[in-house]
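K.L.:
This is the structure I have questions about; it appears just below.
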Amino acid sequence: MKILVVSDSHGNNLYLNRAIEQAGEFDYFLHLGDLEGSEHFIETFVTTPKKMIAGNNDYYVDIEGEAEFDLDGHHFFMTHGHYYYVYTGVEYLREEAQKRGADIVLYGHTHVPYMEQKEGMLILNPGSISLPRQKGRIPTYALIELMENGTVKASLHEVE
Ligand SMILES: [Mn+2]
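In this text, residue positions in the sequence shown follow our numbering: the first is 1, and each later residue adds one.
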């Protein structure tokens with residue numbers, strides 16, 4: 001199963017649209033918050049199963065702030081991240097994920113892509129698809145492949 005992960009579109013869907021094209025075929029779509037209207041675009045143009053969560057800038061949407069679910073034997077925890085001090089690192093997030101028994105942890109908020117995979121846990125921030133803050137400031141997204149042998153392949157991509 002191939003999963004497209006994006007975050008922090010803030011209502012600008014230009015690069016989101018490009019990422020969807022660039023990603024090719026995928027089976028599942030995840031948005032990690034700060035939609036600010038992008039939920040309408042996603043509901044219309046993303047036809048795969050999908051989950052979206054609210055970020056700290058999503059005041060009036062009826063969308064949960066966090067999600068926890070199972071896919072292909074993996075336990076996912078997705079959160080925008082602003083409750084876990086993610087600007088200082090991923091330690092609080094890792095603790096919370098361990099409590100919840102999650103092996104795939106996804107967050108946004110910082111607008112800076114981040115990926116680590118160790119001790120059986122993937123912690124991933126796809127970066128912002130519209131307002132990147134990392135060096136070079138190119139919008140990024142992530143792909144996660146859940147392999148049949150149980151391994152998790154994750155990758156970060158710049159939008160072309
Ligand atoms: Mn944001």
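The beta carbon of each residue, even a glycine, is placed where N, CA and C say it ideally should be. It should be emphasised that the depicted structure is a prediction, and the values quoted were computed from it without experimental measurement.
(1) Using the beta carbon as the reference atom, which residues fall closer than 5 Å to any heavy atom of ligand 3, ordered along the chain?
(2) Report the three-state DSSP secondary structure of Asn125 (helix, strand or coil).
(3) Below 8 Å on the Cβ atoms is my contact criterion, and I expect Met52 with Tyr28 to pass it. Report the Cβ-Cβ distance as a whole number of Å.
(4) Which two residues bound the contiguous beta strand (DSSP E) that contains Thr79?
(5) Exposed or buried, what is Phe76 when buried is set at 16 or more other beta-carbons lying within 10 Å of its beta-carbon?
(6) Comparing C-alpha positions only, which one of Val5, Ile3, His40, Leu30 sits nearest to Asn13?
(7) Can a CB atom of chain D be found closer than 7 Å to the CB of Arg137?
(8) Do His111 and Val86 come within 7 Å of each other at the CB atom, strictly closer than that value?
(9) Going by DSSP, name the residue or residues bridged to Ala154.
(10) Report the rounded CA-to-CA distance for Ile104 versus Glu66, giving the unit in angstroms.
(11) Report the three-state DSSP secondary structure of Ala67 (helix, strand or coil).
P.N.:
Taking the geometry as given:
(1) No copy of ligand 3 occurs in the structure displayed; its ligands are ligand 1 alone.
(2) Strand.
(3) Going by Cβ atoms, the distance from Met52 to Tyr28 rounds to 12 Å, so no, they are not a contact pair.
(4) Here the beta strand (DSSP E) through Thr79 covers 74 to 79.
(5) By the 10 Å Cβ count, Phe76 comes out buried.
(6) Considering only Val5, Ile3, His40, Leu30, the residue with the shortest C-alpha distance to Asn13 is His40.
(7) Going by chain labels, chain D is absent from the structure shown, which holds only one protein chain.
(8) Taking 7 Å as the cut-off, the Cβ atoms of Val86 and His111 do not count as close.
(9) Answer is Ile144, bridged to Ala154.
(10) CA-CA distance, Ile104 to Glu66, rounds to 14 Å.
(11) Looking at Ala67 - three-state DSSP - the assignment turns out to be strand.
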